[in-house]
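Chemist: Reminder that position 106 of the sequence shown reads as 106 in UniProt numbering, one-by-one numbering, no gaps.
We put the beta carbon where it would ideally sit given N, CA and C, even for glycine.
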Amino acid sequence: MNVTEALTQRTSIRQFKATPVPQNVLDEIIDAALNAPSSSNTQAYRIAVATDDVCDSIRNELSNKFSKASKIKRMPMPLKIVKGLTSGVLPDGDFNPNIAYPKELKQRSVDCGMGLYQTLGIERHDHRARERQMQRNFEFFDAPVAIFLFIHEKMGVYGALDSGIFLQSLMLAATERGLGTCAQGALGVWGSPVRRHFQVEKDYKLICGLSLGYPDEHVVNDYRPVKRTRSEVQFSTKAGAVQPVRA
Numbered sequence: 001m002n003v004t005e006a007l008t009q010r011t012s013i014r015q016f017k018a019t020p021v022p023q024n025v026l027d028e029i030i031d032a033a034l035n036a037p038s039s040s041n042t043q044a045y046r047i048a049v050a051t052d053d054v055c056d057s058i059r060n061e062l063s064n065k066f067s068k069a070s071k072i073k074r075m076p077m078p079l080k081i082v083k084g085l086t087s088g089v090l091p092d093g094d095f096n097p098n099i100a101y102p103k104e105l106k107q108r109s110v111d112c113g114m115g116l117y118q119t120l121g122i123e124r125h126d127h128r129a130r131e132r133q134m135q136r137n138f139e140f141f142d143a144p145v146a147i148f149l150f151i152h153e154k155m156g157v158y159g160a161l162d163s164g165i166f167l168q169s170l171m172l173a174a175t176e177r178g179l180g181t182c183a184q185g186a187l188g189v190w191g192s193p194v195r196r197h198f199q200v201e202k203d204y205k206l207i208c209g210l211s212l213g214y215p216d217e218h219v220v221n222d223y224r225p226v227k228r229t230r231s232e233v234q235f236s237t238k239a240g241a242v243q244p245v246r247a
């Protein structure tokens with residue numbers, strides 16, 4: 001598989017088989033991704049790789065937190081505040097993944113979500129079914145491996161840039177080996193379950209997670225959102241911007 005084939009075949013997998021990923025294959029994927037470029041070769045990111053019992057423990061805790069938080073949201077306001085402060089479900093991640101998309105991008109986000117729900121046969125007003133599908137994020141879509149990505153807080157946007165290049169490299173390396181992935185900003189909502197299991201250095205902040213495993217034969221994995229075309233992402237040149245060079 002060449003790079004273009006991997007780029008074309010890679011898609012967000014939302015249902016995995018329970019089949020474990022051999023440790024040597026997982027190591028190969030990470031080693032390959034570490035060839036990704038970074039600012040002055042600093043590679044200012046770290047990862048926490050959860051498998052087996054650790055993966056299941058984090059999965060259960062995150063899923064329970066989401067379930068409790070969802071119930072609290074449906075409570076009347078006074079009780080909602082009390083329960084929110086005392087139930088241990090307030091977000092404790094390092095970044096807020098709930099972005100207020102600008103108008104230019106909002107519709108693309110809506111279209112992506114609606115396309116996913118249509119693939120799954122979830123009606124627009126079936127809030128419980130949509131909530132259940134959201135909870136699947138915190139169950140890692142049954143993946144046997146969850147990888148949590150941390151960036152050095154003092155690297156700012158360039159740390160996020162470098163970690164994104166690493167993340168894409170990791171996903172392509174996984175695709176090459178017949179594995180599937182799903183990068184998930186939602187897995188940054190709660191950081192405490194991850195930190196309980198890993199010795200995370202204090203300067204590193206959780207930015208997102210990644211579910212990894214062998215794709216299951218499920219209709220949800222057939223969904224592919226429409227990507228922008230080259231003309232849609234490429235700025236046009238300004239008329240008359242290029243001036244003749246005078247000797």
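State the start and end residues of the unbroken alpha helix (DSSP H) segment that holds Phe138.
Modeler: His127 to Phe138
Chemist: Check whether the Cβ atoms of Ile207 and Gly191 lie closer than 8 angstroms to each other.
Modeler: no
Chemist: Output yes or no for whether 8 angstroms exceeds the beta carbon distance between Ala174 and Phe16.
Modeler: no
Chemist: Going by CA-CA distance only, name the one from Ile58, Val242 and Leu7 that's closest to Phe138.
Modeler: Ile58
Chemist: Please report the distance separating the alpha-carbon of Val219 from that of Gln168.
Modeler: 24 angstroms
Chemist: Where does Lys205 land, buried or exposed, given buried means 16+ other C-beta within 10 angstroms?
Modeler: buried
Chemist: Return yes when the Cβ of Ile72 is within less than 8 angstroms of the Cβ of Lys80, no when it is not.
Modeler: yes
Chemist: Answer with buried or exposed for Asp162, where buried requires no fewer than 16 other C-beta atoms within 10 angstroms of its C-beta.
Modeler: buried
Chemist: Can Arg224 and Thr11 be called in contact, C-beta distance under 8 angstroms?
Modeler: For Arg224 and Thr11, yes; Cβs fall inside 8 angstroms.
Chemist: Tell me His152's beta-bridge partners as DSSP assigns them.
Modeler: Tyr204
Chemist: Starting from the C-beta of Thr119, find all residues in its chain whose C-beta is less than 7 angstroms away, skip the five residues before and the five after it, and write them out in chain order.
Modeler: Val219, Val220, Asp222 and Tyr223
Chemist: Which residue wins for smallest C-alpha separation from Glu217, given the options Met1, Ala6, Leu7 and Thr19?
Modeler: Nearest option by C-alpha distance: Thr19.
Chemist: May I have a chain-ordered list of the alpha helix (DSSP H) segments no shorter than 4 residues that lie completely inside the region 36-116?
Modeler: 52-73 and 77-86
Chemist: If you compare alpha carbons, which of Arg14, Val233, Leu170 and Ala160 is closest to Pro215?
Modeler: Arg14
Chemist: Considering only residues of the same chain and omitting the five flanking positions on each side of Asp53, which have a CB-CB separation below 8 angstroms?
Modeler: none
Chemist: State the DSSP-derived secondary structure class of Thr8, mapped to helix, strand or coil.
Modeler: helix
Chemist: For Ile151, which option in Leu170, Gln107 and Asp203 has the closest C-alpha, if you only look at C-alpha atoms?
Modeler: Asp203
Chemist: Under 8 angstroms between the Cβ atoms of Phe166 and Ala33?
Modeler: yes
Chemist: Does Ser211 pass the burial test, meaning 16 or more other C-beta atoms within 10 Å, or should it be called exposed?
Modeler: buried
Chemist: Output needed for Ala6: all residues of its chain with C-beta closer than 7 angstroms, excluding positions within five of it in sequence on either side, in chain order.
Modeler: Leu172, Thr175 and Glu176
Chemist: If distances are taken between C-alpha atoms only, which option among Asn96, Cys182 and Glu201 comes closest to Glu44?
Modeler: The amino acid at residue 44 is misidentified as Glu; the sequence shows Ala. For Ala44, the nearest C-alpha among the options comes from Glu201.
Chemist: Using DSSP with H/G/I as helix, E/B as strand and the rest coil, what is Val189?
Modeler: Correct three-state label for Val189: coil.
Chemist: For Ala48 versus Phe198, is the C-beta distance shorter than 8 angstroms?
Modeler: yes
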